[in-house]
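Novice:
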Amino acid sequence: MALVSPPLGALVPDSLHATVVCLPTLADVESYERKEARAWEKIRAGYPRFVRNELVTRAALAAAKELGRSGVLFPLVSRRAAEQLAARAGAKIASLDVVGDFVLLTTPAGDAAERLHKFVQHTGTLISSRQAEAHLKGSVTGETAQSLARIRHALGPYLAGVAAEDIHVTTSGMNAVEAAIVAVNAVQRPRGKKAWIQLGWLYVDSTRLFEKATDAPHHFVPDVRDLAAVEKILATGKVAGVFTEVPNNPQLETADIIVLRALCDQYGAKLLLDPSSAGLATVDVLPHADILCSSLTKYAASEGDVMAGVLAVNPLRFDATELLREAKANLDALHGLDQIALAEQIGRMGEVTARLSATAEEIARRLAAHPAVARVRTAKDGITAEAFRKIQRLGAGAGALITLELRKEMRTVYDRLPMVKGPSFGLSFTIVAPFLWLAHFEEVTTSAGREKIRAAGLDPDLLRLSIGLEPVEEIWAALVFALDL
55 MALVSPPLGA
65 LVPDSLHATV
75 VCLPTLADVE
85 SYERKEARAW
95 EKIRAGYPRF
105 VRNELVTRAA
115 LAAAKELGRS
125 GVLFPLVSRR
135 AAEQLAARAG
145 AKIASLDVVG
155 DFVLLTTPAG
165 DAAERLHKFV
175 QHTGTLISSR
185 QAEAHLKGSV
195 TGETAQSLAR
205 IRHALGPYLA
215 GVAAEDIHVT
225 TSGMNAVEAA
235 IVAVNAVQRP
245 RGKKAWIQLG
255 WLYVDSTRLF
265 EKATDAPHHF
275 VPDVRDLAAV
285 EKILATGKVA
295 GVFTEVPNNP
305 QLETADIIVL
315 RALCDQYGAK
325 LLLDPSSAGL
335 ATVDVLPHAD
345 ILCSSLTKYA
355 ASEGDVMAGV
365 LAVNPLRFDA
375 TELLREAKAN
385 LDALHGLDQI
395 ALAEQIGRMG
405 EVTARLSATA
415 EEIARRLAAH
425 PAVARVRTAK
435 DGITAEAFRK
445 IQRLGAGAGA
455 LITLELRKEM
465 RTVYDRLPMV
475 KGPSFGLSFT
485 IVAPFLWLAH
495 FEEVTTSAGR
505 EKIRAAGLDP
515 DLLRLSIGLE
525 PVEEIWAALV
535 FALDL
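Pasting the structure below:
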């Protein structure tokens, strides 16, 4: 069956729990980013940290009506998250009520409420659609310990040496990232270490967490190969930690983690690694990390209807006990109903990742020879290929992602592509996104911003392609249909 491009606002899969909302044209992407009614009146759900699910909105309104609350409503996963994020945003807590298994925070409308909205996005602390649906139905979540055990069992081979009870399944990958940063700060600040190094281009919400930490210096080293610059900053003796994605997204470049680990040890810094782009079944990074944090929304929840993350502390590293204690105190566990859904999918993660990787390798090979394509990036090719091989699992590929730079106008190609279009990746279906138009819209729509992106070695109009489980020839036919125009 040929691939198709679903209409604006369509959910893939066809469920209110879907994590993918379709944006079939670049004009739709622009309307989505500008919050225009043309797009948003058709959007009921989407990637859960960026789009408040219709069920979540309904649950918040129902709770507010019952309690007689007004103002801006935030249905959040825990009191800890509500209080901490409100404090960071400078938002007044007008009310904070326990509503079943979540809390409802209300705050007056204004700039502080907008800041709180962003912190909730960055940390993945809004309740999930399944949690909201259960509240609306008045149903009680049953026993989920068996589902959590299944998830941990499936993750165990990829987190060797970590006790099952110390594999923490969180509300999102970003929730794990936030908990890891807080844990490192708790351990390192008494030692006079407050600064952070961001190595390479990071996922936008990871970057924002560092940028908004006004009490901590944030050093950005754009080139993942520039470990000399990293060492110069480490040598000040004030660095709490280094954070990098392996590989990063969308460049798909990888730092030399072996050398980076040695530098962090030499200067007493912690190393946080995020393998979300390639997936846990592709790269083995825990042995080199103090803390691993990864999304499980990709590869593990490959049907596209669960948002989740995982955090694991390397038990062999110095301060492991303290880091684990602090991380546990600052993360939010995945809701039981989402654990049940994830448990049904995660056992296939290894097989799914292998199939996605194999197809992606073949599609990348063909794209590199196509006259409309200026550049193809994958994690296993290019200037950091050797660094990637150092952490690549035996027999693994490079994950589902391919980054494309075109010789043709991106808008024309994107609009014509007959496939799912929107955020997310590592799913069972092929999906394409004008990545920087979604992650850095303000930059791609200004001359200065586009120059900044180019200075980082990126084409502002690149396309990020995530290969699915469809047959190679079907995916290729869809690409050729748009590229040959």
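With the sequence shown counted from 1, adding 54 to any position gets you the working numbering. The C-beta atom is built at its ideal place from N, Cα and C for all residues, glycine as well.
#1: Under three-state DSSP, which class holds Glu87?
#2: Return the first residue and the last residue of the alpha helix (DSSP H) that Gly246 is part of.
#3: Measuring straight from C-alpha to C-alpha, what distance separates Asp82 and Ala93?
#4: Could you spell out where the beta strand (DSSP E) holding Asp328 opens and where it closes?
#5: What are the start and end residues of the alpha helix (DSSP H) that includes Glu285?
#6: Tell me, to the nearest whole angstrom, how far the beta carbon of Gly480 is from that of Gly333; I am working on the premise that it is less than 8 Å.
#7: Are Leu365 and His222 closer than 8 Å when you measure CB to CB?
#8: Are at least three pairs of beta-carbons, each pair with one atom in the stretch 247 to 262 and one in the stretch 432 to 449, less than 8 Å apart?
#9: Would you check if the stretch 371 to 385 and the stretch 256 to 267 touch, i.e. whether three or more CB-CB distances between them fall below 8 Å?
#10: DSSP three-state label for Phe274, please.
#11: Could you say which of Val313, Ile521, Pro329, Leu159 lies nearest to Thr298 if we only look at CA atoms?
#12: Going by DSSP, which residues form a beta bridge with Lys475?
#13: Taking contact to mean 3 or more Cβ pairs, one atom from each stretch, closer than 8 Å, check whether the stretch 118 to 127 and the stretch 526 to 537 are in contact.
#14: For Leu539, does the count of other Cβ atoms within 10 angstroms reach 16, so buried, or fall short, so exposed?
#15: Which residues does DSSP list as the beta-bridge partners of Gly363?
#16: Measuring CA to CA, which of Lys286, Ala143, Ser149 is closest to Ala167?
#17: Which value, in whole angstroms, describes the spacing of the CA atoms of Phe274 and Ile521?
#18: Scan the stretch 420 to 458 and note each continuous beta strand (DSSP E) run of 3 residues or more that stays entirely inside, going in chain order.
#19: So what does Glu299 bridge to, in DSSP terms?
#20: With distances taken from CA atoms, which of Leu523, Asp515, Leu537, Arg508 is nearest Asp277?
#21: Span of the alpha helix (DSSP H) holding Ser260?
#22: In three-state terms, what does DSSP make of Ala510?
#23: Determine, using beta carbons only, whether Leu130 and Leu70 come nearer to each other than 8 Å.
#24: Within its chain, find whatever has a CB closer than 6 Å to the CB of Ala163; leave out the 5 residues flanking it on each side and keep chain order.
#25: From Val296 to Leu306, what distance separates their C-alpha atoms?
#26: From Glu357, Val174, Leu158, Ser226, pick the residue whose C-alpha is nearest to that of Ser124; which is it?
#27: How would you label Leu471, buried or exposed, when you count the other beta carbons within 10 angstroms and need 16 or more for buried?
#28: Got a sec, what are the start and stop residues for the beta strand (DSSP E) Leu517 sits in?
#29: State buried or exposed for Gly451, treating a residue as buried only when at least 16 other CB atoms are found within 10 Å of its CB.
#30: Take every Cβ of the stretch 452 to 472, pair it with every Cβ of the stretch 417 to 434, and state whether three or more of those distances are shorter than 8 Å.
#31: I want to know whether the stretch 215 to 230 touches the stretch 342 to 354 - three or more CB-CB distances under 8 Å.
#32: Give the range of the beta strand (DSSP E) segment to which Phe128 is assigned.
#33: Within 10 angstroms of the Cβ of Thr484, are there 16 or more other Cβ atoms? Answer buried if so, exposed if not.
#34: May I ask you to report which of helix, strand or coil DSSP gives Ser501?
#35: If contacts are defined as beta-carbon pairs under 8 Å, then Ala536 and Val467 qualify, I think. What distance do you get, rounded to the angstrom?
#36: So if DSSP puts Ser149 in a beta bridge, which residue, or which two residues, is it bridged to?
Specialist: Taking the coordinates as given:
#1: The residue you call residue 87 lines up with position 33 of the sequence shown. In this structure, DSSP gives Glu87 a helical state, which the three-state scheme calls helix.
#2: Here residue 246 refers to the residue found at position 192 of the sequence shown. Secondary structure note for Gly246: it is in no alpha helix (DSSP H), with a DSSP letter that is neither H nor E.
#3: Along the sequence shown, read from residue 1 onward, the residue named residue 82 stands at position 28. Along the sequence shown, read from residue 1 onward, the residue named residue 93 stands at position 39. Straight-line measurement puts the Cα of Ala93 at about 6 Å from the Cα of Asp82.
#4: In the sequence shown, counting from the first residue as 1, residue 328 sits at position 274. Residues 324 to 328.
#5: Counting from one through the sequence shown, the residue named residue 285 turns up at place 231. In the DSSP assignment, Glu285 falls within the unbroken alpha helix (DSSP H) covering 281 to 288.
#6: Within the sequence shown, the letter at position 426 stands for residue 480. Within the sequence shown, the letter at position 279 stands for residue 333. Indeed they touch by this definition, with Cβ atoms about 6 Å apart.
#7: Translated into positions along the sequence shown, residue 365 becomes position 311. Translated into positions along the sequence shown, residue 222 becomes position 168. Here Leu365 is near His222, since their CB atoms are less than 8 Å apart.
#8: The stretch 247 to 262 vs the stretch 432 to 449: no contact.
#9: Judged by Cβ distances under 8 Å, the stretch 256 to 267 makes no contact with the stretch 371 to 385, as fewer than three pairs qualify.
#10: If you number the sequence shown from 1, residue 274 lands on position 220. If DSSP states are grouped into helix, strand and coil, Phe274 belongs with the strands.
#11: Within the sequence shown, residue 298 is the residue found at index 244, counting from 1. Checking every option, the nearest Cα to that of Thr298 belongs to Pro329.
#12: In the sequence shown, counting from the first residue as 1, residue 475 sits at position 421. In the DSSP output, where bridge partners are listed per residue, Lys475 has Val486.
#13: Under the Cβ criterion (8 Å, minimum of three pairs), the stretch 118 to 127 does not count as touching the stretch 526 to 537.
#14: Position 485 of the sequence shown holds residue 539. Exposed is the label assigned to Leu539, since fewer than 16 other Cβ atoms lie within 10 Å of its Cβ.
#15: In the sequence shown, residue 363 corresponds to position 309, counting from 1. DSSP output for Gly363 lists Thr224, Ser349 as bridge partner(s).
#16: Position 113 of the sequence shown, counted from the first residue, corresponds to residue 167. Relative to the Cα of Ala167, the nearest Cα in the group Lys286, Ala143, Ser149 belongs to Ala143.
#17: For the purposes of this step, residue 274 is taken as residue 220 along the sequence shown, with counting starting at 1. For the purposes of this step, residue 521 is taken as residue 467 along the sequence shown, with counting starting at 1. Going by the C-alpha atoms only, they are around 30 Å apart.
#18: Counting only unbroken stretches of 3 or more residues, the beta strand (DSSP E) elements lying wholly within the stretch 420 to 458 are 427 to 431, in sequence order.
#19: One-based indexing of the sequence shown puts residue 299 at position 245. Residue pairing of Glu299 in beta bridges, as defined by DSSP: Asp328.
#20: For the purposes of this step, residue 277 is taken as the residue at position 223 of the sequence shown. A check of alpha carbon separations from Asp277 across Leu523, Asp515, Leu537, Arg508 identifies Arg508 as the nearest.
#21: Along the sequence shown, one-based indexing puts residue 260 at 206. First-last of the alpha helix (DSSP H) with Ser260: 258 to 265.
#22: Residue numbering aside, residue 510 sits at position 456 when the sequence shown is read from its first letter. In this structure, Ala510 counts as coil in the three-state DSSP scheme.
#23: For the purposes of this step, residue 130 is taken as residue 76 along the sequence shown, with counting starting at 1. For the purposes of this step, residue 70 is taken as residue 16 along the sequence shown, with counting starting at 1. Cβ distance not < 8 Å, so Leu130 and Leu70 don't count as in contact.
#24: As a working mapping, residue 163 is identified with position 109 in the sequence shown. Closer than 6 Å at Cβ, skipping near neighbours: Val126.
#25: Stepping through the sequence shown from its first residue, residue 296 is reached at position 242. Stepping through the sequence shown from its first residue, residue 306 is reached at position 252. Computed Cα separation, rounded: 18 Å.
#26: The sequence position of residue 124 within the sequence shown is 70, counting from 1. It is Leu158.
#27: In the sequence shown, the residue the question calls residue 471 occupies position 417. Buried is the call here.
#28: Locating residue 517 in the sequence shown gives position 463, where the first residue counts as 1. Segment 517 to 520, the beta strand (DSSP E) holding Leu517.
#29: Start at 1 with the first residue of the sequence shown, and residue 451 comes out as number 397. So Gly451 counts as buried.
#30: With the cut-off at 8 Å, the stretch 452 to 472 and the stretch 417 to 434 touch.
#31: Touching, per the Cβ criterion.
#32: By 1-based counting over the sequence shown, the position of residue 128 is 74. Per DSSP, Phe128 belongs to the beta strand (DSSP E) from 126 to 130.
#33: Residue 484 sits at position 430 when you count from the first residue of the sequence shown. Looking at its Cβ environment, which holds 16 or more other Cβ atoms inside 10 Å, Thr484 is buried.
#34: On the sequence shown, residue 501 is found 447 positions in, with the first residue counted as 1. Of the three classes helix, strand and coil, the one that applies to Ser501 here is helix, per DSSP.
#35: Taking the first residue of the sequence shown as position 1, residue 536 is located at position 482. Taking the first residue of the sequence shown as position 1, residue 467 is located at position 413. Between Val467 and Ala536 the Cβ distance is about 5 Å, and since that is below 8 Å, they are a contact.
#36: Against the sequence shown, residue 149 aligns to sequence position 95. In DSSP, Ser149 forms a bridge with Thr160.
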